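**Student:**
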Amino acid sequence: MPTGDERGRLALAGAADGVASAVALPERRWRSAGARSGYALPLALAALLLVLTVVPVLTVIVSSFRPSGLPLSDGWTLQHFAKVWSTASTYRLVADTLIFAAGSTAFGIALAAVLAWLVERTDMPGRDLFRAGILMPMATPPLLLAIGWVLLMSPSIGIIPSLLGSVFGEGAKAIGIYNLPGMIFVQGLAYVPTSFLMLAPAMRNMDPVYEEAARTAGAAFGQTLRRVSFPFLVPALLSVTTLLMIVGMLTFDVPAVIGQRGNVNVMSSEIFNLMNPANGLPAYGEIAALNSSLFVLLAVGLYVYYRATQQSERFATISGKGYKAARFRLGRWRPVAAGFVAFYFALAVVLPFLALLWTSLVPYFAGFQTKLFSLLSFKAYATLLGEPRLWEGVVNSSVIAVAAAIATTVLALFVAWTIVRSKLRWVRILDAMSMIPISVPFLMMGVALVFIFFGLRAIPIYGTVWIIALGHLIVFLPLAARMMQTGVLQVHRELEEAAAVSGATFLANLRRIVVPLLRPTILALLIWLVVHSLREFSVAVMLVSRKNEVLSTILYSLWDQGEPGQAAAIAVMLMLVLGGLVAALTWLTRAGRER
Amino acid sequence: MLLADRLRKEYALADGRIVTAMDGVSFRIAPGQLYTLLGPSGCGKTTTLRSIAGLETPDRGVIAIGSAVVFDSSKRVLVPANRRKIGMVFQSYAIWPHMDVYENVAFPLRVGGERLREAEVAARVAKALATVRMEGFERRPATRLSGGQQQRLALARALVMEPRVLLLDEPLSNLDAKLRESMRLELRRIQKSLGITTVYVTHDQTEALAMSDIVAVMQDGRIVQEGDPRSIYLRPATRFVAEFIGSTNFIAGTLARMSNDEALVEIEGGSLRCAAANGFAPGARVLVSIRPEDVTLRAAAAPAANEGGPNRIRGRVVEEIFLGSLADHVIAAAGAELHVWCHPASSFAPGTEVVIEADPARCVLLPEKA
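For the record, the sequence lines run as chains A and B. FYI, in my numbering the residues of the first sequence are 1321 to 1915. FYI, in my numbering the residues of the second sequence are 2 to 371.
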């Protein structure tokens, strides 16, 4: 048994006594939590993150220069880029994609900004209820939202065209959803919860003293808003705009459900079609070239996002706590404001859910007609529940959700703890690496994994649930790492130092101090990840085959094959499960805040 | 016994500047002593304490606890914090909120190398809680303790392992003034009865003077003076120490001559006799430190006492500040504004011509620089 002193003896790299301490940086690896973990853990995490986040992106880029379009083949070429960018329709595609992304971002943020202002800065009635329910639209993922709205808006038989027709005459019935504005509307609705969650704190934390100072300096209400309040929101607005633009450039849910049928092609649907050609092998080279071109655009976006979030942290330190924000008095507009919020909930949750429920219960899809009431039945559910394919999907989705949630949480915990606690200066690179997937659209990450594992037979996960779980781990890592960092930052450093001084090893400290203290964060993150894995479509759709179908892809294929009743039945069940999980999440985060 | 030898630590700030937190810190603490590191924030006292605990790693130097070397940069020895067997009380107390009082105290017994039987754990926890007078609180959740109770709990947790050394990092700074005074006495009582070698970090000079066997005053990463509280207060070695501990007045002058027991300093409008000190050459620019409580005021008109006794300086009252327990008078004299603390009953109106009297033995000679 070696003594403590002997075990403490370390090889000290090079720093002879005479060398000035300023250059003796290697000595910093002597760390409090035990000499071995001080260096090994950050290095291991860096290697893991390199494989998980940098390699997929590089694979796509490399593939776009390979003649065969596969990363491990030989030769270099620019032909794929030449082909893609010499086709006239590519420019049309890019234009439509930009219109779709920008339009839905603008619509979503505008709606969310009004909602956030009403909830955080006015005396609107029922604002606490709204704040409690703001997570609910998470139970309506874009895929379900899109299907729900298609059902509501179907030409001639959808309930909304019928209503418009009876009020404004037959001409109004022609309002369609299978076009860019329709896609923008639905995608924008889907953006509201995220935008709200990012804008509301900015509005809440704005110390009214700045506004009061402006008012006493003689500024009118409008001037105050424009010159003082708005500049405070700019960083938050910029960061949410960038994030949503990146998502919008390659989201596939809405383009799949609405765009495909309306022949509105955007980048994501084009890539999907290229990956699933009617015959022959996919044109991997062109797919990679499209993705790489897009990545250049996104790299610019990410840079803006990074700058903006840096800035918003700077602003956040200005505001303090312990003041009561002055609320704007709405007066006789109070019922109008509450009505507006209720209207949003109707559009984002209630109407799509009712449309899906109705469709799942009617014997044939014929819009909303009162004469169908007597024919309502659970037949679609009965058929579905007798299908082995559904049960396989349930098992696959559950396995993926649980595996991805646990793996992502564990990885996020280690990454976050290392970033916050390590004294090594280069651990900040872990932060940057864990954020990379934010700049990679879900669909593109799916493509990258296909490229990697299609050729890499040594790791036989292609075509299994594990490749989808891996995809989810990667795409959800940035948010998980950020949430976990916030959690670790709230654990006072001395609580861990007290454990170390008490004799606790690195693992004992993690198990007995860090994890128990982070329990609320860990639970909330687990549920959030399960919800998002269950509803996720864009990654899964690129990675599914016969053997590893998940609920969202089964739902889409039923919908695509003209089985709206069964698709709606899955959607209703999924929404109920997601709703339950979101309710649990809401309760957890509120309970956590009250502690 | 605790030994620190030429500890050195530099930090690189985000903007690339290098800060020296410890610049050759050395000391030796005898067994059972309470040794205080006293200084303003940023002086390196906390870095020194955390280096002893193993929470920071110095760039260079040696630290030994008892006969065991726990850190030696030249021999590449580094014992991690969890194997140094020390007790530490943190500034924030660092009470784990997810455990009750019992589990907090029992934690060091549970994570150490040796596995103790539960009965043994219970006995040692009970003993530690008895030491800090917290019997009966075992099952109280840690979140439901007052500041003073948290402080006692933190101390019990630090003592339960019967460590060789106890480290206290500003343990009283989060308590209100009344509680701080009683905890000060209690801490010292416990420390003395256990006879445990203790390092105490504080920026509060009163605390340091009241509790310590030895006080080390730190400035810019160095120990500038070390000694028992009385000698530090009565014979500060530098301008910084004189100013940081207690209040004082400085009168600038030139050393005229030095005898075995007295030095003569030429000041504006006269001269001062001071206690003799080493290391000064005649003709050197010096400062004379005179504490405001060591001076008496007389009206200039009043008959002077016997010649050759105290130093006498003529001055004029600028301001009188009544503080209850004393009356602080600001006197313009010898080219400076001097504070003089008088009995609250005596009062000299602004404008009054006065004579200041100071015992030469209480006038301390200091180098002008630093």
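Beta carbons: idealized from backbone N, C-alpha and C, even for Gly. Quick caveat: nothing in here was measured; it's all calculated off a predicted structure.
Quick one: what's I215 (chain B) bridged to in DSSP?
**Tutor:** Counting from 1 along the second sequence, the entry for residue 215 (chain B) is found at position 214. Beta-bridge pairing links I215 (chain B) to B:Y36.
**Student:** Which whole-angstrom value is the C-beta distance of A1891 (chain A) and L1464 (chain A), which I expect to be below 8 Å?
**Tutor:** For the purposes of this step, residue 1891 (chain A) is taken as the residue at position 571 of the first sequence. For the purposes of this step, residue 1464 (chain A) is taken as the residue at position 144 of the first sequence. Confirmed, about 5 Å.
**Student:** Can you check DSSP and say which residues form a bridge with K10 (chain B)?
**Tutor:** The residue you call residue 10 (chain B) lines up with position 9 of the second sequence. Paired residue(s): B:M23.
**Student:** Measure from the C-beta of L56 (chain B) to each C-beta in chain A and report whether the shortest distance is under 8 Å.
**Tutor:** Counted from its first residue, the second sequence places residue 56 (chain B) at position 55. By this cut-off, L56 (chain B) is an interface position.
**Student:** Looking at the structure shown, is E338 (chain B) part of a helix, part of a strand, or coil, going by DSSP?
**Tutor:** As a working mapping, residue 338 (chain B) is identified with position 337 in the second sequence. Strand at E338 (chain B).
**Student:** Below 8 Å CB to CB, which residues in the same chain sit around A129 (chain B) once its five sequence neighbours on both sides are set aside?
**Tutor:** Taking the second sequence and counting its residues from 1, one reaches residue 129 (chain B) at position 128. So the qualifying residues of the chain are V106, A157, R158, L160 and V161.
**Student:** What would DSSP say about I1720 (chain A), mapped onto helix, strand or coil?
**Tutor:** Mapped onto the first sequence, residue 1720 (chain A) falls at position 400. Helix at I1720 (chain A).
**Student:** Does DSSP classify E1869 (chain A) as helix, strand or coil?
**Tutor:** Within the first sequence, residue 1869 (chain A) is the residue found at index 549, counting from 1. Coil, per DSSP.
**Student:** Does W97 (chain B) have its Cβ less than 8 Å from a Cβ in chain A?
**Tutor:** As a position in the second sequence, residue 97 (chain B) is number 96, starting the count at 1. True, the Cβ-Cβ gap to chain A drops below 8 Å.
**Student:** With distances taken between CB atoms, is the gap from R9 (chain B) to S27 (chain B) smaller than 8 Å?
**Tutor:** The count along the second sequence starts at 1 and reaches residue 9 (chain B) at position 8. The count along the second sequence starts at 1 and reaches residue 27 (chain B) at position 26. Contact: no.
**Student:** Using a Cβ-Cβ cut-off of 8 Å, state whether I1739 (chain A) counts as contacting chain B.
**Tutor:** Walking along the first sequence from the start, residue 1739 (chain A) turns up at place 419. Chain B, which has no Cβ nearer than 8 Å to the Cβ of I1739 (chain A), makes this no.
**Student:** Report all residues from its chain with a CB closer than 6 Å to the CB of L1345 (chain A); omit the five preceding and five following residues, and keep chain order.
**Tutor:** By 1-based counting over the first sequence, the position of residue 1345 (chain A) is 25. Residue placement at L1345 (chain A) is flagged as unreliable, the pLDDT there being 30, under the threshold of 50; the coordinate-derived value follows with that caveat. If we look at L1345 (chain A) and ignore the five residues flanking it on each side, it has no Cβ neighbours.
**Student:** Ignore the nearest five residues each way along the sequence and tell me which others in I1429 (chain A)'s own chain have a CB closer than 8 Å to its CB.
**Tutor:** If you number the first sequence from 1, residue 1429 (chain A) lands on position 109. Around I1429 (chain A): Y1511, S1515, L1519, L1557, V1560, T1561 and L1564.
**Student:** Straight-line CA distance for D360 (chain B) to E182 (chain B)?
**Tutor:** Translated into positions along the second sequence, residue 360 (chain B) becomes position 359. Translated into positions along the second sequence, residue 182 (chain B) becomes position 181. One C-alpha to the other measures close to 32 Å.
**Student:** If you count every other CB in all the chains shown that lies within 10 Å of the CB of Y1411 (chain A), and 16 or more means buried, which is it?
**Tutor:** As a working note, residue 1411 (chain A) is residue 91 in the first sequence. Classification of Y1411 (chain A): exposed, given that the 10 Å Cβ count is below 16.
**Student:** In the DSSP assignment, what are the bridge partners of V70 (chain B)?
**Tutor:** Taking the first residue of the second sequence as position 1, residue 70 (chain B) is located at position 69. Looking at the DSSP assignment, V70 (chain B) forms a beta bridge with B:A65.
**Student:** Is the separation between the beta-carbon of L1361 (chain A) and that of T1806 (chain A) shorter than 8 Å?
**Tutor:** In the first sequence, the residue the question calls residue 1361 (chain A) occupies position 41. In the first sequence, the residue the question calls residue 1806 (chain A) occupies position 486. Contact flag unset, no.
**Student:** Using 10 angstroms around the beta-carbon of E354 (chain B), count the other beta-carbons present and answer buried if the total reaches 16, otherwise exposed.
**Tutor:** Taking the first residue of the second sequence as 1, we reach residue 354 (chain B) at position 353. The residue is exposed, with fewer than 16 neighbouring Cβ atoms inside 10 Å.
**Student:** Any residues in the segment 1822 to 1834 of chain A with a beta carbon nearer than 9 Å to a beta carbon of chain B? Which ones, in chain order?
**Tutor:** Within the segment 1822 to 1834 of chain A, the qualifying residues are S1822, G1823, A1824, T1825, F1826, A1828, N1829, R1832 and I1833.
**Student:** Inspect the beta-carbon positions of E1814 (chain A) and F91 (chain B) and report whether they are closer than 8 Å.
**Tutor:** The sequence position of residue 1814 (chain A) within the first sequence is 494, counting from 1. The sequence position of residue 91 (chain B) within the second sequence is 90, counting from 1. Yes, the pair counts as a contact, with Cβ atoms nearer than the cut-off.
**Student:** Select from A:V1740, A:I1847 and A:A1768 the residue whose C-alpha is nearest the C-alpha of H1812 (chain A).
**Tutor:** Within the first sequence, the letter at position 492 stands for residue 1812 (chain A). For H1812 (chain A), the closest of A:V1740, A:I1847 and A:A1768 by C-alpha to C-alpha distance is A:V1740.
**Student:** Note the first and the last residue of the continuous alpha helix (DSSP H) segment covering Y201 (chain B).
**Tutor:** Against the second sequence, residue 201 (chain B) aligns to sequence position 200. Element bounds for Y201 (chain B): not the alpha helix (DSSP H) but the beta strand (DSSP E), T198 to T203.
**Student:** Return the residues of the segment 319 to 339 of chain B that lie within a Cβ-Cβ distance of less than 8 Å from chain A, sorted by chain order.
**Tutor:** Answer in chain order: no residues at all.
**Student:** What is the DSSP secondary structure of D1448 (chain A), counted as helix, strand or coil?
**Tutor:** For the purposes of this step, residue 1448 (chain A) is taken as residue 128 along the first sequence, with counting starting at 1. It is helical.
**Student:** Where R165 (chain B) and L1731 (chain A) are concerned, what is the direct C-alpha to C-alpha distance, given to the nearest angstrom?
**Tutor:** To locate residue 165 (chain B), count along the second sequence from 1; it is residue 164. To locate residue 1731 (chain A), count along the first sequence from 1; it is residue 411. So the two alpha carbons sit approximately 39 Å from each other.
**Student:** Which first and last residues belong to the alpha helix (DSSP H) in which N105 (chain B) is found?
**Tutor:** In the second sequence, residue 105 (chain B) corresponds to position 104, counting from 1. It spans V102 to V112 - the alpha helix (DSSP H) in which N105 (chain B) sits, taken as one unbroken run.
**Student:** Which of the three DSSP states, helix, strand or coil, is assigned to R313 (chain B)?
**Tutor:** Here residue 313 (chain B) refers to the residue found at position 312 of the second sequence. The answer is strand: DSSP assigns R313 (chain B) an E or B state.
**Student:** Would you please verify whether the beta carbon of E1817 (chain A) is less than 8 Å from any beta carbon of chain B?
**Tutor:** The count along the first sequence starts at 1 and reaches residue 1817 (chain A) at position 497. Yes, E1817 (chain A) lies at the interface with chain B (some Cβ there is under 8 Å from its Cβ).
**Student:** Comparing the C-beta of A1820 (chain A) with each C-beta of chain B, is any distance below 8 Å?
**Tutor:** The residue you call residue 1820 (chain A) lines up with position 500 of the first sequence. So yes, A1820 (chain A) belongs to the interface.
**Student:** Do V225 (chain B) and A238 (chain B) count as a contact pair if the criterion is CB distance below 8 Å?
**Tutor:** Start at 1 with the first residue of the second sequence, and residue 238 (chain B) comes out as number 237. Start at 1 with the first residue of the second sequence, and residue 225 (chain B) comes out as number 224. Result yes, Cβ atoms of A238 (chain B) and V225 (chain B) sit closer than 8 Å.
**Student:** Across the segment 1390 to 1406 of chain A and the segment 1605 to 1616 of chain A, are there enough close Cβ pairs to call them in contact, namely three or more that are closer than 8 Å?
**Tutor:** yes
**Student:** Are V1380 (chain A) and A1768 (chain A) touching if we call contact CB-CB under 8 Å?
**Tutor:** Position 60 of the first sequence, counted from the start, is the residue given in the question as residue 1380 (chain A). Position 448 of the first sequence, counted from the start, is the residue given in the question as residue 1768 (chain A). Yes, these two residues count as a Cβ contact at 8 Å.
**Student:** If the cut is a Cβ gap below 7 Å, which residues of chain A does I87 (chain B) touch?
**Tutor:** Numbered from its first residue, the second sequence carries residue 87 (chain B) at position 86. Per Cβ cutoff of 7 Å: V1821.
**Student:** Please return the same chain residues whose Cβ sits closer than 8 Å to the Cβ of P1597 (chain A), not counting the five positions on each side in sequence.
**Tutor:** Residue numbering aside, residue 1597 (chain A) sits at position 277 when the first sequence is read from its first letter. Answer for P1597 (chain A): A1603, listed in chain order.
**Student:** Less than 8 Å between the CB atoms is what I'm expecting for T198 (chain B) and G33 (chain B), so what's the real figure, rounded?
**Tutor:** Taking the first residue of the second sequence as 1, we reach residue 198 (chain B) at position 197. Taking the first residue of the second sequence as 1, we reach residue 33 (chain B) at position 32. So it is a contact: roughly 6 Å between Cβ atoms.
**Student:** Using CA atoms only, rank isn't needed, just tell me which of A:F1505, A:N1499 and A:L1696 is closest to L1667 (chain A).
**Tutor:** Indexing the first sequence from 1 puts residue 1667 (chain A) at position 347. Nearest option by C-alpha distance: A:F1505.
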